[in-house]
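Undergrad: Please find one structure pasted underneath; my questions will follow.
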Amino acid sequence: TMGDVKTEYHEHHHYPPVVRTWPVQVGQLPTLASAFQPREGVREKIQDARDQGTDVVLTQHDARPAPTGTRVLAGGGGVGKSQLAAWFAHQALADRAADLVMWVTASSPEQIITAYARAARRVGAPGADGADPTADATVFCEWLHTTDRVWLIVLDDVTDPAHLARWWPPQRTAGWTLATTRRQDAALASAGRQRIDIGVYSPGESKTYLTDRLTDAGHADLLDAAFWQAHKERIA
């Protein structure tokens, strides 16, 4: 009978494929300081490390000799480690030198996992569905191991190397990791990483920095011979 007939309705949703535009940026890059000093000597060391296919870690000063391999750039707090890392990230985007530029605040495992999970979805890593951040972060690491895309990942303010035990990006020809930290843990100098010191500004960089800051503030009149002589005496 008609009352025994059951009608079933099935809805079919067809979603268009995601059209991904490269380069992809994940994370907010810090704005470069108004009087940012390019630190050309340090930048050359960083670029040399990149050309050799090694990662770079900007960290605290340590006079002990370090093994060869991944470069570890050393410097105390306030010497501009994050600004240098930001400069490379901005340049990679401006020059379209990388398909993925990623800025990760690496102070905690949760921050790292959240950033990686977001990146997995942004780059379309197979299996990333947004349901489980840790699973998506793992998928992202797998993607890094296999992709031919060029990427730069900045791990800023690593507070504990153990946080990166399973999350340090792989060393790949097309990929590069740049990290900053104030830690001196042996783990940061392992796996063939080499530490390179970042000192305070040179006299020339200091003069340029002060000139830029005073000029921007409308106090260029202070940049006379007497001022510089007094400045030299204070730092002597």
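First residue of the sequence shown? That's 411 in the working numbering, and the numbers climb one at a time after it.
Ideal Cβ placement from N, Cα and C applies to all residues, glycine included.
Bear in mind that the values here come from a model prediction, so they are computed numbers and not experimental data.
Could you check the C-alpha separation between VAL560 and ALA496 for me, to the nearest Å?
TA: Spanning the two alpha carbons is a distance of roughly 17 Å.
Undergrad: Roughly how far, in whole angstroms, is the beta-carbon of ASP465 from the beta-carbon of THR587, given that I think they are within contact range, below 8 Å?
TA: Correct: roughly 4 Å between the Cβ atoms.
Undergrad: Tell me the residue span of the beta strand (DSSP E) that contains ASP566.
TA: Counting along the chain, the beta strand (DSSP E) containing ASP566 begins and ends at 561-566.
Undergrad: Mind checking whether ALA541 and ARG531 have CB atoms under 8 Å apart?
TA: No, the pair does not count as a contact, with Cβ atoms beyond the cut-off.
Undergrad: In terms of residues, what are the limits of the alpha helix (DSSP H) holding ALA547?
TA: Where ALA547 is concerned, the enclosing alpha helix (DSSP H) stretches over 543-556.
Undergrad: So THR569 packs on SER517, CB below 8 Å; how close in whole Å?
TA: Their Cβ separation, rounded to whole angstroms, is 5 Å, which keeps THR569 and SER517 in contact under 8 Å.
Undergrad: Under DSSP, the alpha helix (DSSP H) around GLY540 begins and ends at which residues?
TA: First-last for GLY540: undefined, no H or E at that position.
Undergrad: Counting C-beta neighbours from all protein chains within 10 Å, is the total for THR441 16 or more, i.e. buried, or is it exposed?
TA: Its Cβ having fewer than 16 others within 10 Å, THR441 is exposed.
Undergrad: Within a Cβ cutoff of 8 Å, which residues of the same chain sit near PRO426, ignoring the five residues on either side of it in sequence?
TA: Note that PRO426 has pLDDT 45, beneath the 50 cutoff, so the model's placement of it is unreliable and no number is given.
Undergrad: Tell me which same chain residues have a C-beta within less than 7 Å of the C-beta of THR515, skipping the five on either side of it?
TA: Hits under 7 Å: GLN521, ASP566 and ASP567.
Undergrad: Is it right to say ALA572 is buried, meaning 16 or more other beta carbons lie within 10 angstroms of its own, or is it exposed?
TA: With fewer than 16 Cβ atoms within 10 Å of its Cβ, ALA572 is classed as exposed.
Undergrad: Just how far apart, CA to CA, sit TYR526 and CYS551?
TA: Each residue's Cα considered, the two are about 8 Å apart.
Undergrad: Going by DSSP, which residues form a beta bridge with TRP586?
TA: LEU562, per the DSSP bridge assignment.
Undergrad: Using only the heavy atoms of the ligand MN, determine whether one of them is closer than 7 Å to the beta carbon of GLN493.
TA: The ligand MN is absent from the structure shown, which contains no ligands of any kind.
Undergrad: In whole angstroms, what is the alpha-carbon distance linking LEU554 and TRP432?
TA: For LEU554 and TRP432, the distance between alpha carbons rounds to 16 Å.
Undergrad: I'd like to check one pair, ALA499 with LEU439: are the Cβ atoms closer than 8 Å?
TA: Contact flag set, yes.
Undergrad: Classify LEU503 as helix, strand or coil using the three-state DSSP reduction.
TA: Looking at LEU503 - three-state DSSP - the assignment turns out to be helix.
Undergrad: Which residues does DSSP list as the beta-bridge partners of VAL511?
TA: In DSSP, VAL511 forms a bridge with GLN435 and LEU562.
Undergrad: Quick one: what's got a C-beta closer than 6 Å to VAL549's C-beta in the same chain, skipping five residues either side?
TA: Hits under 6 Å: ALA530, ALA535, GLY537 and ALA538.
Undergrad: Quick one, which of TRP577, ARG593, ARG576 and THR556 has its alpha-carbon nearest THR583's?
TA: Of the candidates TRP577, ARG593, ARG576 and THR556, the one whose C-alpha sits nearest the C-alpha of THR583 is THR556.
Undergrad: Give a yes or no on whether the C-beta atoms belonging to ALA504 and VAL511 are separated by under 8 Å.
TA: No, they are not a contact pair.
Undergrad: Less than 7 Å between C-beta atoms, sequence neighbours within five positions excluded: which residues of the same chain meet that for PRO543?
TA: Result list for PRO543: ILE523, THR524 and ALA527, in chain order.
Undergrad: For PRO580 versus ILE563, is the C-beta distance shorter than 8 Å?
TA: Against a cut-off of 8 Å, the Cβ pair of ILE563 and PRO580 comes out as no contact.
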